[in-house]
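Heads up: the sequence shown begins at 714 in this note's numbering, then just goes up one per residue. Since the structure comes first, as structure tokens, the remarks are kept for the end.
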Amino acid sequence: MSGKEQDQQAAAAPNLPGSGASAGTSIDGRRRAYFSAPLVIVLVLLGGGALVQGPLERWLEVVAHKEAVPLRAALGSLDREALGPYRFVRAEFLTPEYVEALGTDQYLIWTLEDTREAPDSSRRQVHLFVTYYTGGPELVVHRPDECFRASGYTLTEFRRDERLRIDSLGGGGGEIPFRIVTFRKTGLFQQAELSVAYTLYCNGRFTVSPTEVRMWTTSPATRSAYFSKVEVCFLPSPGESGPGQPATADETLQGTGELMRYVLPLLMNDIWPSVAAPGALSSR
Numbered sequence: 714m715s716g717k718e719q720d721q722q723a724a725a726a727p728n729l730p731g732s733g734a735s736a737g738t739s740i741d742g743r744r745r746a747y748f749s750a751p752l753v754i755v756l757v758l759l760g761g762g763a764l765v766q767g768p769l770e771r772w773l774e775v776v777a778h779k780e781a782v783p784l785r786a787a788l789g790s791l792d793r794e795a796l797g798p799y800r801f802v803r804a805e806f807l808t809p810e811y812v813e814a815l816g817t818d819q820y821l822i823w824t825l826e827d828t829r830e831a832p833d834s835s836r837r838q839v840h841l842f843v844t845y846y847t848g849g850p851e852l853v854v855h856r857p858d859e860c861f862r863a864s865g866y867t868l869t870e871f872r873r874d875e876r877l878r879i880d881s882l883g884g885g886g887g888e889i890p891f892r893i894v895t896f897r898k899t900g901l902f903q904q905a906e907l908s909v910a911y912t913l914y915c916n917g918r919f920t921v922s923p924t925e926v927r928m929w930t931t932s933p934a935t936r937s938a939y940f941s942k943v944e945v946c947f948l949p950s951p952g953e954s955g956p957g958q959p960a961t962a963d964e965t966l967q968g969t970g971e972l973m974r975y976v977l978p979l980l981m982n983d984i985w986p987s988v989a990a991p992g993a994l995s996s997r
């Protein structure tokens, strides 16, 4: 075989493992493939993740499980003598089963009478319901929109959000959001409607949005969380021929604004925690 033919045969021969310079070139290529930039990035991320996993899990646990913020005084200690024209009639207490369903044992259920109203007025008898929740991994927002339906009421299409100006609050007063909803209950011989107004006080801020409550109470920026619901409705006054007409939505809203002139300052100054979010409304 001539030298030229040998050169052509060598050029056509495959590069087999261990065959001199060609083998070295192949191994170097595979090494570069094994340690390519994407692979290095993945290894760095996995190693970094392993290093921060423990601290991150501990931080997330702290964030998810908020510290409890106790009330400064029990809701039931609300000053009955400071309610102006509203006379205390009675307090109601829930059974253990209802307390478990409510999700808190910190509540106030009072019946009041507005002494300025006539005995048969639809705004004479006031039902005030206040609850307080704090601590735990998640605070469930119990609202009349859902709770009344569990009691046999049907939620009508009427729902309105308003802002009530409460001049008795500190700092020149404030506009507090209230949501008013109307329910209907059908009996054997009659159909009754009931309007309910409520607001939520969460980490020093008022809202009517359960989404905002969840956002504020689960924020990583806060180590503690609480919220309180204030609910008002007017009960039909008893008459000689049976219960009178219930308050309309507008009457309920107006009456709620009157009652909150006395109730909200007491709650904010004497009952609710002084812990508040930056920029939150406060009368202290």
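Note that the Cβ used here is the ideal one computed from N, Cα and C, for glycine as well.
- In this chain, Q958 is not harboured by any beta strand (DSSP E), its DSSP state being neither H nor E.
- The beta-carbon separation of I889 and I879, rounded to 6 Å, stays under the 8 Å limit for a contact.
- In the DSSP annotation of this structure, the continuous segment of the alpha helix (DSSP H) that includes R927 starts and ends at 923 to 931.
- Contact annotation: V854 and V926 have beta-carbon atoms nearer than 8 Å.
- One thing to note: G968 has its Cβ no nearer than 8 Å to the Cβ of R803.
- DSSP places V853 outside both helix and strand once states are collapsed to three, so it counts as coil.
- In the DSSP assignment, A814 falls within the alpha helix (DSSP H) that extends over 809 to 815.
- P959 is positioned such that its CB atom lies closer than 8 Å to that of A905.
- The C-beta of A962 has 16 or more other C-beta atoms within 10 Å across all chains shown, which makes the residue buried.
- When the five nearest sequence neighbours on each side are left out, the beta carbons in the same chain lying within less than 6 Å of the beta carbon of L796 are those of Y975, in order along the chain.
- Ranked by Cα distance from L877, the options A781, A787, P986, F891 are led by F891.
- Per DSSP, reduced to three states, the secondary structure at D874 is strand.
- As far as DSSP is concerned, A786 takes part in no beta bridge.
- In this structure, P978 keeps its C-beta atom at 8 Å or more from the C-beta atom of S834.
- In the three-state reduction of the DSSP assignment, E830 falls in the coil class, being assigned neither a helical nor a strand state.
- For I822, same chain residues with a beta-carbon under 7 Å away, outside a window of 5 residues either side, are A804, E805, F842 in chain order.
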